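Colleague:
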Amino acid sequence: MEQLLDGFATALTPTHLLLAAIGVLLGTAIGVLPGIGPAMAVALLLPVTYGMEPTGAFIMFAGIYYGGMFGGSTTSILLNTPGESAAVVAAFEGNPMARKGRGAQALAAAAIGHFTGGIIGTILIVLLAPFVAKHAVDIGAPDLFAVMVLAFIAVTSVLGASRIRGFASLLIGLTIGLVGLDEMTGQQRLTFGSLHLADGIDIVVVAVALFAVGEALWVAAHLRRKPFEPIPVGRPWLSRADLKRTWKPWLRGPVIGFPFGAIPAGGAEIPTFLSYVTEKRLSKHKDEFGKGAIEGVAGPESTASASAAGTLVTMLTLGLPTTAVAAVMLAAFQQYGIQPGPLLFQRESGLVWALIASLFIGLTLLLVLNLPLAPLWAKLLRIPRPYLYAGILFFASVGAYAVNADIFDLLLMFVIGLLGFGMRRYGLPVLPAIIGVILGPAAEQQMRRSLQLSDGSLTGLVNSPMAIIVYVVIVLILFFPLIKRFLPKPPAAAEPEREKVDA
Amino acid sequence: MTTVTKPERRSWLRDHSELGICALLVVLGVLVLTDALRIPTDFAQRGPVGPKAVPILVGSLLLLVAALLARDVLRGGRGEAEAGEDVDLSAPADWRTVLLLCGAFLANAVLIGVVGFPISGAILFWGAAYALGSRNPVRDPLLAAGLSIFTFVVFNNLLGVPLPGGPLMEVF
């Protein structure tokens, strides 16, 4: 508690407050821009913080993160075209509301939902993270390796339509992660004698290339010549009747969102959908669902925000990113030579608590700034597409060049960007590749350390109860399609909607 | 049974163009494996598992996944192209735009060291906007120059992230 207050003291200095506000505004603005999700927003904004000290940089990131998520749902509601998976559900009810002239109410329900879900989620971080970190210190190399394998299997199996394509993406990521000097022996791997490659491929270059360059090229190939017309909105507000319908969904959201965010199951996609189904079942206005029921916006948005908080717990205490945004944030930590993990709360306690305090501040700023600014954000949706994607390429180049001031990185980004283009064309999900690049080298270290301790015997990987449990979970996930055949069929009611989400 | 004519073969290839991804995975797999095999392990190795083990694993899995993906594609499986706000999948791919965009991107990479970021960045932005269909002869270059110089000043002077100024900035 005392540490949290210290954190607030750090975060509330004028400079840091200003950085948080800039982060929220930049994050929202970039998140609202069509085609840019929170992960790309964070990746593109990374270079802005290169010259800053870590605390200020992460305070700004916290703002960008939540701002980007809120921006994504604005696009969903006003354009009916979600830019990222967490905002898919917001379009179900949010867009019909906007078409009925209740766009302002939909945005308000989303904004307050984000605020509530985020605040509850952040309180849970404060309560849980030190506890998890304390116990995670005892986690050995075999356990960490098992958890990382779980993350690999989960992102490839739980998300996306095709497992084999998920695995292909993961392996591409692992290959990119192999490039450079082996950390234990200093042997060159996949460097082909190049000095540039001996340092490894910078994760920022990979992230920006896959998210931004790949996306820009992909959109260029299929550019919609007539962009969607966004629905104009006024200033968001909620009537008493609306509030009566939304307060419970706001509070229910975190219950679903937070745990799902904390486990490596792909972030907000599944919990927001679960929240939607729950709200539909519990609502007194079932007939309105599909035509603009405000509960269907409030619940999932609160869920999405709380799941973002859950993601942070896993990322900070175990060093394990469960979503693309967390993966990019982890890369940002590594830029400063800080390794998130069990020891982070001891070694960088000032930084961590300032970051957590700034999550509260960022969420409050988000609510205060974004409710009045909503009509302005809506205007951003009209930006001419050539300028938008030219701008994405422009800032991607700035980011990749700024990492090492090396033209080689620009060429590397181009090649990986082409790869990202091909992956989008053939339905290879991008997230497993990013997770592979970031966690691959760490997983290799843990595995080799475990085997070193056991003198090469493979039993060294399964010598703790935790590792065994994790491997059982992995086997269950891997063989779930087989197991499902023997299970009784789930109630038919949920099925058609599920398909709608997958489409 | 019909004889395979040329256009038919071409359309078969188009329908199964995803096999290109398999080929890419095979190339990557072979590359990783050959590279792993040439790592000398007789010295500097600590512990029972050397620097070879993981590359060999990854390389083999790449080949395995390539084979499984090829089987999936030949059996009629298709990767779902990614949809998006500005993506119109009903139209065929517009390769001219993609190539022009690549050109603008590479022009920046080539020029940044020679003429500096303010100029090469402006060329990148203008070129990319042109490639994507913007044809305003006044607004486009002005916007490109403004954005490029603004970004240079903000990053180089305010944020402490050095970018090459080039001859243009030496004048000031």
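Sequence lines, in order, name chains A and B. Quick note on numbering: UniProt numbering labels position 106 of the first sequence as 106, and the sequence is numbered without any gaps. Quick note on numbering: UniProt numbering labels position 46 of the second sequence as 46, and the sequence is numbered without any gaps. Glycine included, C-beta positions come from ideal geometry on N, C-alpha and C. Here the structure is a predicted model, which is why all the values come from computation and not from measurement.
#1: Assign K280/A to one of two classes, buried (16 or more other C-beta atoms within 10 Å of its C-beta) or exposed (fewer than that).
#2: What is the DSSP secondary structure of E93/A, counted as helix, strand or coil?
#3: Beta-carbon of V26/B versus every beta-carbon of chain C: anything under 9 Å?
#4: According to a CB-to-CB cut-off of less than 8 Å, which residues of the region 85-101 of chain B neighbour chain A?
#5: Can you pull the chain B residues whose beta carbon is under 8 Å from the beta carbon of I428/A, in chain order?
#6: Quick one, which of I172/A, H285/A, G440/A has its alpha-carbon nearest A241/A's?
#7: Suppose contacts are defined by Cβ-Cβ distances below 9 Å. Is residue 507/A in contact with G94/A by that definition?
#8: Tell me the rounded alpha-carbon separation between M423/A and G214/A.
#9: Would you say residue 504/A lies against chain B (beta-carbon separation less than 9 Å)?
#10: Runs of 4 residues minimum, wholly inside the region 331-418 of chain A: which ones carry the alpha helix (DSSP H) assignment?
#11: Please tell me whether A43/A and V328/A are closer than 9 Å, where the distance is taken between their beta carbons.
#12: Does the beta-carbon of R102/A have 16 or more other beta-carbons within 10 angstroms, so that it is buried, or is it exposed?
#13: Reducing DSSP to helix, strand and coil, say where G180/A ends up.
#14: Are Q445/A and M184/A close, meaning C-beta to C-beta below 9 Å?
#15: Straight-line CA distance for Q452/A to F131/A?
#16: So N108/B is in the alpha helix (DSSP H); what residue range does that whole segment cover?
#17: I want to verify the contact list: residues of chain A whose CB lies under 9 Å from the CB of A129/B, in sequence order.
#18: Return the residue from the list L458/A, R448/A, V297/A, I201/A that minimises the CA-CA distance to A104/A.
#19: Suppose contacts are defined by Cβ-Cβ distances below 9 Å. Is G319/A in contact with L344/A by that definition?
#20: If you follow the alpha helix (DSSP H) that F145/A is part of, which residue opens it and which one closes it?
#21: Go through its chain and collect everything with a Cβ distance to P118/B's Cβ below 6 Å, but skip five positions before and after it.
#22: Check the Cβ of A109/B against every Cβ in chain A and list those closer than 8 Å, keeping chain order.
#23: Check distances from the C-beta atoms of the region 100-124 of chain A to those of chain B and list, in chain order, the residues that come in under 7 Å.
#24: Distance, Cα to Cα, G160/B vs P92/B?
#25: Pairing CB atoms from the region 199-216 of chain A with CB atoms from the region 66-75 of chain B, are three or more of them under 8 Å?
#26: Any beta carbon from chain A within less than 9 Å of W12/B's own beta carbon?
#27: Under 8 Å: do the region 121-131 of chain B and the region 247-260 of chain A share three or more Cβ pairs, one atom per stretch?
#28: In the DSSP assignment, what residue or residues form a beta bridge with Q188/A?
#29: Among all the DSSP beta bridges, which residues are the ones paired with L223/A?
#30: Do F260/A and L274/A have their beta-carbon atoms positioned less than 9 Å apart in this structure?
#31: Out of curiosity, what's the CA-to-CA distance linking Y276/A and A108/A?
#32: How about L61/B: is its C-beta nearer than 9 Å to some C-beta of chain A?
#33: Give the residues from the region 364-378 of chain A that approach chain B closer than 8 Å (Cβ to any Cβ), ordered along the chain.
#34: So, is A77/A buried or exposed, given that buried needs 16 or more other C-beta atoms within 10 angstroms?
#35: Using a C-beta to C-beta distance shorter than 9 Å, which residues of chain A count as neighbours of F125/B?
Modeller: Reading off the structure:
#1: buried
#2: helix
#3: You won't find chain C in this structure, because its protein chains are A and B.
#4: E85, D86, V87, D88, L89, A91, A93, D94, W95, T97, V98, L101
#5: Before going further, note that residue 428/A is Leu rather than Ile in the sequence given. Those within 8 Å of L428/A in chain B are I21, G79.
#6: H285/A
#7: Nothing about residue 507/A can be read from this structure; chain A reaches only from 1 to 503.
#8: 8 Å
#9: Outside the displayed range of chain A (1 to 503) lies residue 504/A, so it cannot be described from this structure.
#10: 344-347, 349-380, 385-404
#11: yes
#12: buried
#13: strand
#14: yes
#15: 29 Å
#16: 95-115
#17: P384, P386, Y387, Y389, A390, G391
#18: V297/A
#19: yes
#20: 141-157
#21: S148, I149, F152, L168
#22: S397, I407, L410, L411, F414
#23: none
#24: 44 Å
#25: no
#26: no
#27: no
#28: L181/A
#29: V87/B
#30: yes
#31: 17 Å
#32: yes
#33: none
#34: According to the sequence provided, residue 77/A is Ile. The question's Ala does not apply to it. Looking at its Cβ environment, which holds 16 or more other Cβ atoms inside 10 Å, I77/A is buried.
#35: Y387, A390, G391, L393, F394
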